[in-house]
Every structure is written in C-alpha cells, then in structure tokens.
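**Q** This is the structure, below, for whatever I ask next.
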Amino acid sequence: VVPGIVTVAGETFCHIIANKRLLFTRRRGRYRFEIAFPNMNLDLDNLNVERHGLLAAFYCPVPAGTVDAVHFSNQTAQNQKLKMYGYQISASGQVQRDLTNGYLTHIGNRVGQEYIGHDCTPSKLSLSGSPIFNEERQLVGISYADFGITKALNVENIASMLSEFYDGMENRPMSDILQRIRDVGEHQFVQPADHMT
-9 VVPGIVTVAG ETFCHIIANK RLLFTRRRGR YRFEIAFPNM NLDLDNLNVE RHGLLAAFYC
51 PVPAGTVDAV HFSNQTAQNQ KLKMYGYQIS ASGQVQRDLT NGYLTHIGNR VGQEYIGHDC
111 TPSKLSLSGS PIFNEERQLV GISYADFGIT KALNVENIAS MLSEFYDGME NRPMSDILQR
171 IRDVGEHQFV QPADHMT
C-alpha cells in the first residue's frame, strides 16, 4: 500500500503525488503497483511516472467525479492539531485505513529544507508518504521519515518539488503550480469533440 495524494482532479483525469522511495525501490520488478479508485483500478506500469526530490507524480485517466483533490494550506503553528491518514494491515491481511490524531510538535530545518514534526502515530505503512491534514481538512504536509517524531514535508517544500516537474515554475506559488498541472492534464486528456452527424 502506497499512499497517493490527488493534487488536481479534472473532467477526465487526476494528478497524483506519492513518496518516490515507495514506488522506485531496488526491488521494483518484484512488485506490481495499482491505483485503486472507487469501482476501478489502474496499473501503474501503464502510466508515465516522473520523480523529483522526494516526490513521484503522474496523471491518471479517470471519469469526472471519481476523486476529489486535496486543498493545501501552508499555515502551520506549533501545537496545532493534526490528523494523519494512513493504512494498517489487519490480522486477516486486509488493508485498513486509519486516521490518527496528533499535534505539530515543531518546525525544523534540515539541509536548507524546512519540515514539520508531528506526533500522529504512524503504522509501518503510514510513516512514509501519508498525508497530514489540519482541522479544516487541508493538507499541511506529507510524512517522509520517523525517528521518534515523524517528519513531514511542508506545503512550501511540496510546491518546490512540484515546480521541478514543470519548466518556468520555480519559486511560484502553489496556486500557479496547480494551474499548470491542470493545464497540462487538460491538454493530455483532451475529450473528443462532439460531432453532429
């Protein structure tokens, strides 16, 4: 199970980001990745997956209304209430979704990149790539490491990494990057025009 986050949902497509280390492992040939949507699955091998920084990103063809995109927020503060969406495997081997509560414990900086630390309890499957939401259900981070306190990319880092996928988007606000993602997706997944007979 690899958590994916829908950044843009169009009429015929969606754009998804995920932690690239989970998709591009040394043993990738041994695994088959599928994207699971309500009432449909897509094989990841049939999609063009790109990677920059800690992120992998790709477009998926999906019918309108299949998924909703997240809303981003770069407003964070120490002791802010958070929720992490993750996955667990039950004793019977079934995937179970879980939502764990916690707090933003600190804002740190490592090698010039700001991150947020949080204490939402991760499962083994959730500590890398799980989305972190504020109380308004806005995405504030993506978990990427667990060393007692789980670290997460903040929205500024996510925007910086997303900008690397598109020429001319460096140092642009997230709204501009999301619009570029939408424009590229709409061009790539053009609906055939209705023709009168």
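Under the numbering used here, the sequence shown is numbered contiguously, ending at residue 187.
Note that CB positions come from ideal geometry on N, CA and C, so glycine has one too.
(1) For HIS185, which residues of its own chain have a beta-carbon under 7 Å away from its beta-carbon, when the five flanking residues on both sides are left out?
(2) If you check the beta carbons only, do MET159 and ARG172 fall under 8 Å apart?
(3) Beta-carbon within less than 6 Å of GLU125's beta-carbon, same chain only, minus the 5 sequence neighbours each way: which residues are those?
(4) Among residues of its own chain, excluding the 5 on either side of GLY92, which ones have a beta-carbon nearer than 6 Å to its beta-carbon?
(5) In chain order, what are the residue ranges of uninterrupted beta strand (DSSP E) at least 3 long that sit wholly in the region 43 to 113?
(6) State the Cα-Cα distance for the pair ALA54 and VAL(-2), rounded to the nearest angstrom.
(7) Can you name, in chain order, every residue of its own chain whose Cβ lies under 6 Å from the Cβ of LEU89, other than the five neighbours on each side?
(8) What three-state label does DSSP hand ASP35 in the structure shown?
(9) Is TYR134 near SER118, with beta carbons less than 8 Å apart?
(10) Leaving aside the five residues before and after THR187 along the sequence, list all residues of the same chain whose C-beta is less than 6 Å from its C-beta, in chain order.
(11) Since PHE123 contacts PRO51 with CB under 8 Å, what's their CB separation in whole angstroms?
**A** The structure says:
(1) In the sequence shown, residue 185 corresponds to position 195, counting from 1. With a pLDDT of only 42 at HIS185, under 50, the local geometry of the prediction cannot be trusted, and no value is derived from it.
(2) As a working mapping, residue 159 is identified with position 169 in the sequence shown. As a working mapping, residue 172 is identified with position 182 in the sequence shown. Against a cut-off of 8 Å, the Cβ pair of ARG172 and MET159 comes out as no contact.
(3) Your numbering for residue 125 matches position 135 in the sequence shown. Once the five neighbours on either side are set aside, the close Cβ partners of GLU125 are LYS71.
(4) In the sequence shown, counting from the first residue as 1, residue 92 sits at position 102. The residues are LEU72, HIS108, ASP109 and CYS110.
(5) 45 to 51, 71 to 79, 85 to 100 and 103 to 108
(6) Sequence index remark: in the sequence shown, residue 54 carries index 64 (1-based). Sequence index remark: in the sequence shown, residue -2 carries index 8 (1-based). Cα-Cα distance, rounded: 12 Å.
(7) Locating residue 89 in the sequence shown gives position 99, counting from the first residue. Counting only Cβ-Cβ distances below 6 Å, and skipping sequence neighbours, we find LYS73 and TYR75.
(8) Here residue 35 is taken as the residue at index 45 of the sequence shown, counted from 1. Helix.
(9) Counting from 1 along the sequence shown, the entry for residue 134 is found at position 144. Counting from 1 along the sequence shown, the entry for residue 118 is found at position 128. Yes, the pair counts as a contact, with Cβ atoms nearer than the cut-off.
(10) Position 197 of the sequence shown holds residue 187. A caution first: THR187 carries a pLDDT of 45, below 50, which makes its placement in the model too unreliable to give a value.
(11) Taking the sequence shown and counting its residues from 1, the one referred to as residue 123 is at position 133. Taking the sequence shown and counting its residues from 1, the one referred to as residue 51 is at position 61. The Cβ separation is near 27 Å, so there is no contact.
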